[in-house]
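A.B. asks:
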Amino acid sequence: MESLENSIREVAKKLLSEKKVDLIIGYEQGTLPLRTTPCFVDKVEDVQKLVWNASCDANVSKYLVGRKGKVGIIAKGCDARSIAVFIVEKQIPRENVVIIGVPCLGLIDRRKVEAKLDGREVLEATVEDEQIRVKGEGFEFVLPKKDFICDSCLTCKHRNPPIYDVFVGEKVPETPEIDEFAEVSDFESKSAEERWTHFKEELSKCIRCYACRNVCPLCYCKVCFVDQTMPAWFGKTNDLSDTMIYHIVRAFHVAGRCVGCGACSRACPMNINLRELMKKTEKIMKDRYKYEAGVSLEEVPPLGEFKMDDSQEFIK
Amino acid sequence: MKPTQEEWNPKILAFLCNWCSYAGADLAGISRMQYPPNIRVVRVPCSGRINPYFIIKALQRGWDGVLVSGCHPGDCHYISGNLVARRRFAVLKDLLEYLGIEPGRVNFSWVSAAEGEKFANVVKDVVEKVKTLGPAERLVRG
Amino acid sequence: MKWKVVEKSKMPLLIEELTKEHEVFAPVKKKSLVSFERVSSGNETYLDFQNTKTPPKEVFFPQTEILFTYRVGKKGVEIGEAQAPKRKMVLLGVRPCDARSFVLLDKFFSSGENKDLYYLEKRKNTTTIGLACNHPLSTCFCTSIGGSPFGKEGVDLLLQNINDKYLIETVTEKGEKLIEKLPWLKDAEKADIEKTKRLSEDAEKAIRSKVSVKGVSEKLDRMFDDPVWDHIHQKCLGCGVCTFLCPTCYCFDILDEETEEGKRVRIWDSCQFPCFTLQGSGHNPRPSGKERMRQRIMHKFNYSVKNFGENFCVGCGRCVRECPVNLDIRETVEKISTRQV
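Note that the protein sequences, when read in sequence, are chains A, B and C.
For the first sequence, my numbering assigns the number 1 to the initial residue and increments by one for each residue that follows.
For the second sequence, my numbering assigns the number 1 to the initial residue and increments by one for each residue that follows.
For the third sequence, my numbering assigns the number 1 to the initial residue and increments by one for each residue that follows.
So, in structure tokens, the structure goes:
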């Protein structure tokens, strides 16, 4: 990890000093254990702030939309894919972004750590290759890293960014044998009643803070559908029906564009498992249209085109 | 006041495209074909006009079922409106059913202007299915 | 001030008794989430938390509140009764920082000619039982901003955790009246009272996070056009987590919703949302994150000082812990307090 960090800083330094970019977007140390925070570096001397570790969990490609000038961006697999989606959707010109691809073996899910510690606060954490050492008031544990990896990373098929301009470090082995939709298929095997009850329970926690929407790189509409008035289609209260519809419609709007980075689930302060819903949209695209978002700069997202022989088994 | 199971009759909102399905429904009427009176029709220029919001809003407002009907692929008056819509409907239906909305609440069909009988049959099928599902409760605003 | 004591094992009983004549709101744990909910039995309550995820302001100022209903009938518009409820409530398990937030929110909701009855009635009818902090979080900075882990502002009674017992200190007359309804509570012993005083000192010393707010308000007066705002907001996503989880944020929006019956509803709103200041003309005086972030800091540490004499922050640290991008308000305030203007 450390050598990757140094290589990232070198690359950033080079790009800035050669004026290939005006700005580097990456991560720096956060103010809490197991946190990093997005970092905007425009001076060569500031590249030392950049870090790279298993807590680099924000999808920083979010900050690219609407940005002018040339930007270098540290991108793990999922981030690089969302950048590819922006390019396909013509939100950023390809030549304006320098993708600094970094291989990623998975992010630490701090909520899993919090749940394990049952409310005890982590005051210090060190992450080694296979373990996480957490220290707090009156306790010190060594946790096996593999048990605390984010769910979205456990099913990741793109540990190496599929699209990049500069690749930092060595490529890591991919995991083609993992069924990324195992959880979704499992859920589908439940009855409609069970599924409805589950989603009702999960989504009743929602406080409509829109962290999920705002952290998602693909949610870049100037005026989100919930904020539309004249007419206002759906309510903004935390009435359960309105809340569920907000999530359904957001899932529909990101369908075919969602890269499964999991940022929505990580951002939710109420620990709602939004990935469960978003992952289904990815499965629909894979099953029906053989499409995976963000791996190609040529393919158009499925809801942006049609074919004469599209599946229509559900139409009478 | 919520109707009891015996006195409940499903209310189904039907979006029919002007050029094919609406004409087909019209033909069914002119030919005096009998079909259940449970649908309320909204005429749209093309099935491609259907925004998923319409279907979701209908479910929220308490409609027991929704039917969306358009021209057969290749026959759209606007060339490709129904082809665009087809993908939208597929994703929406899959998503709603994954969430637990009962299969059979949201229905789609291709009915041409000459298919009066087909229209009547589609409505019969949909009404029968919705009758077994009971009044809509999921997603209905309290 | 009276001192009573209750064994932890008897707390469920105490809560159960309170539910007989009051609506009781207390911390409830669902999976790993602890938040305030209405409890109907003593066993649902969970008091071993550090702080709840959502602040207790939601008991007096709910996320969604129906202000009144209306019907457009033959005789014109008929307005239903305003929904300010008159029931008696007990709010149990509030940390001193959150309790202090009530004192601040009281100032806002009772200011001006039209006092907010929805909030004020609930406050009036509620006896607040605080829970002192023996172990503040590393992100707690209540002592920097006018509070303390054993603070008594905003509570009628203060529970103090001494191992297997809770001391109950009466703070107000309302608190005393509630205690009278529990005559089986024993008086606390002198040793326990001494112990809790020591715990209070230890807790204050345990606050690691110090934020210098001294002079920040005056400085902000001169900083409206300062270039510091260009960078502070860069990583902010513009969501509502910090505002919704903040015990002292009170901004709201009012909507009319119609199904068969019309409802005028008040919902939480956030100054960080892009449409917050969108005007009917289409103009938005806070068009970007820069203006909105500036607004948040100015509101909390300058405008509120001018309007109410207080910084509208209680140092609970929720915004620090829950911000999806770890934008730390403590860092922001430090930047401002050390800025040469």
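Even glycine gets a Cβ: it sits at the ideal position worked out from N, Cα and C.
Here the structure is a predicted model, which is why all the values come from computation and not from measurement.
1. Would residue 279 (chain A) and residue 142 (chain A) qualify as a contact pair, given that the criterion is a beta-carbon distance under 9 Å?
2. Anything in chain B within Cβ reach of residue 278 (chain A), meaning under 9 Å, just list it in chain order.
3. Taking the alpha carbon of residue 317 (chain C) as the reference point, which residue from C:132, C:265, C:247 and C:311 has its own alpha carbon closest?
4. Return the Cβ separation of residue 289 (chain C) and residue 236 (chain C) in integer angstroms, given the expectation that the two are a contact with Cβ distance under 8 Å.
5. Rounded to the nearest angstrom, what separates residue 133 (chain B) and residue 291 (chain A) at their Cα positions?
6. Among C:36, C:215, C:25 and C:77, which one has its Cα closest to the Cα of residue 335 (chain C)?
7. Under 7 Å between beta-carbons, which chain C residues line up against residue 269 (chain A)? List them in chain order, please.
8. Apply the 10 Å Cβ neighbour rule to residue 171 (chain A) and answer buried if 16 or more other Cβ atoms are within range, or exposed otherwise.
9. With three or more beta-carbon pairs closer than 8 Å as the criterion, would you say the stretch 43–53 of chain B touches the stretch 13–20 of chain B?
10. Which residues mark the beginning and the end of the alpha helix (DSSP H) in which residue 297 (chain C) is found?
11. Whose Cβ in chain B lies nearer than 7 Å to the Cβ of residue 312 (chain A)?
12. Can you name, in chain order, every residue of its own chain whose Cβ lies under 8 Å from the Cβ of residue 240 (chain A), other than the five neighbours on each side?
13. What in chain A is Cβ-close to residue 282 (chain C), meaning under 9 Å?
14. Report yes if the C-beta distance between residue 111 (chain B) and residue 39 (chain B) is below 9 Å; otherwise report no.
15. Between the C-alpha atoms of residue 68 (chain B) and residue 135 (chain B), what's the straight-line distance to the nearest angstrom?
16. On the DSSP bridge assignment, give the partners of residue 43 (chain B) in chain order.
17. So what does DSSP say about residue 220 (chain A), is it helix, strand or coil?
18. Interface residues of chain C around residue 40 (chain A) at Cβ under 9 Å?
19. Using 10 angstroms around the beta-carbon of residue 297 (chain A), count the other beta-carbons present and answer buried if the total reaches 16, otherwise exposed.
20. Identify, in the order they occur along the chain, each residue of the same chain with its Cβ nearer than 6 Å to the Cβ of residue 67 (chain C), setting aside the five sequence neighbours on each side.
21. So the candidates are C:133, C:51, C:269 and C:19; which of them puts its Cα closest to the Cα of residue 126 (chain C)?
22. Helix, strand or coil, according to DSSP, for residue 210 (chain C) in the structure here?
23. So which residues on chain B does residue 226 (chain A) lean against when the C-beta distance must stay under 7 Å?
24. When burial is assigned at 16 or more other CB atoms within 10 Å of the CB, is residue 35 (chain C) buried or exposed?
25. What is the rounded straight-line gap between the Cα of residue 133 (chain A) and the Cα of residue 55 (chain A)?
26. For residue 6 (chain A), is the classification buried or exposed, using 16 other Cβ atoms within 10 angstroms of its Cβ as the cut-off for buried?
27. Using a Cβ-Cβ cut-off of less than 8 Å, give me the residues of the stretch 61–78 of chain B that come near chain A, in sequence order.
28. Since residue 306 (chain C) is in the alpha helix (DSSP H), which residue starts that stretch and which ends it?
29. CB residue 264 (chain A) to CB residue 257 (chain A), shorter than 9 Å?
30. Chain C partners of residue 31 (chain A), CB-CB under 8 Å?
31. I need the boundaries of the alpha helix (DSSP H) containing residue 88 (chain C), first residue and last residue.
32. Name the chain A residues whose beta carbon is nearer than 7 Å to that of residue 129 (chain B)?
33. Please return the same chain residues whose Cβ sits closer than 7 Å to the Cβ of residue 2 (chain C), not counting the five positions on each side in sequence.
34. Between which two residues does the alpha helix (DSSP H) harbouring residue 77 (chain A) extend?
35. Taking only beta-carbon positions, decide if residue 229 (chain A) is within less than 9 Å of chain B.
36. Is the CB of residue 125 (chain B) under 9 Å away from at least one CB in chain A?
C.D. replies: This is what the structure holds:
1. Against a cut-off of 9 Å, the Cβ pair of residue 142 (chain A) and residue 279 (chain A) comes out as no contact.
2. By Cβ distance, chain B contributes nothing, its closest Cβ being about 10 Å from residue 278 (chain A), past 9 Å.
3. For the options C:132, C:265, C:247 and C:311, the alpha carbon positioned closest to that of residue 317 (chain C) is the one of C:247.
4. So it is a contact: roughly 5 Å between Cβ atoms.
5. When rounded, the distance between both Cα atoms is 34 Å.
6. Comparing Cα-Cα distances from residue 335 (chain C) to each of C:36, C:215, C:25 and C:77, the minimum goes to C:215.
7. What residue 269 (chain A) touches in chain C: 53, 241, 245 and 322.
8. Classified as exposed, residue 171 (chain A) has fewer than 16 neighbouring CB atoms from the shown chains inside 10 Å of its CB.
9. A contact exists between the stretch 43–53 of chain B and the stretch 13–20 of chain B.
10. It spans 289–298 - the alpha helix (DSSP H) in which residue 297 (chain C) sits, taken as one unbroken run.
11. Result: 86.
12. Here the set comprises 200, 203 and 204.
13. Going along chain A, no residue has its Cβ under 9 Å from residue 282 (chain C), so there is no contact; the nearest lies around 11 Å.
14. In this structure, residue 111 (chain B) keeps its C-beta atom at 9 Å or more from the C-beta atom of residue 39 (chain B).
15. When rounded, the separation of the alpha-carbon atoms in residue 68 (chain B) and residue 135 (chain B) is 19 Å.
16. According to DSSP, residue 43 (chain B) bridges with B:16.
17. DSSP, read as helix, strand or coil, puts residue 220 (chain A) in coil.
18. Ordered by position in chain C, the residues that pass the 9 Å Cβ test against residue 40 (chain A) are 231, 234 and 235.
19. The residue in question, residue 297 (chain A), is exposed, as its Cβ has fewer than 16 Cβ neighbours within 10 Å.
20. A distance below 6 Å between beta-carbons, with the five flanking residues on each side excluded, links residue 67 (chain C) to the following residues of its chain, in chain order: 264 and 266.
21. With distances taken between Cα atoms, residue 126 (chain C) lies closest to C:19.
22. If DSSP states are grouped into helix, strand and coil, residue 210 (chain C) belongs with coil.
23. Here the premise fails: no neighbours, minimum Cβ distance about 11 Å.
24. By the 10 Å Cβ count, residue 35 (chain C) comes out buried.
25. Approximately 14 Å, taken between the alpha carbons.
26. Around the beta carbon of residue 6 (chain A), fewer than 16 other beta carbons lie within 10 angstroms, which makes this residue exposed.
27. Of all residues in the stretch 61–78 of chain B, 73 and 74 have a Cβ within less than 8 Å of some Cβ in chain A.
28. Element bounds for residue 306 (chain C): 304–308.
29. A distance of 9 Å or more separates the beta carbons of residue 264 (chain A) and residue 257 (chain A).
30. By Cβ distance, chain C contributes 320, 326, 328, 330 and 331.
31. From DSSP, residue 88 (chain C) is part of no alpha helix (DSSP H); its letter is neither H nor E.
32. When 7 Å is used as the limit between beta carbons, residue 129 (chain B) is near no residue of chain A, the shortest such separation being about 11 Å.
33. Hits under 7 Å: 170, 176 and 179.
34. Start and end: 77–88.
35. So no, residue 229 (chain A) is outside the interface.
36. So yes, residue 125 (chain B) belongs to the interface.
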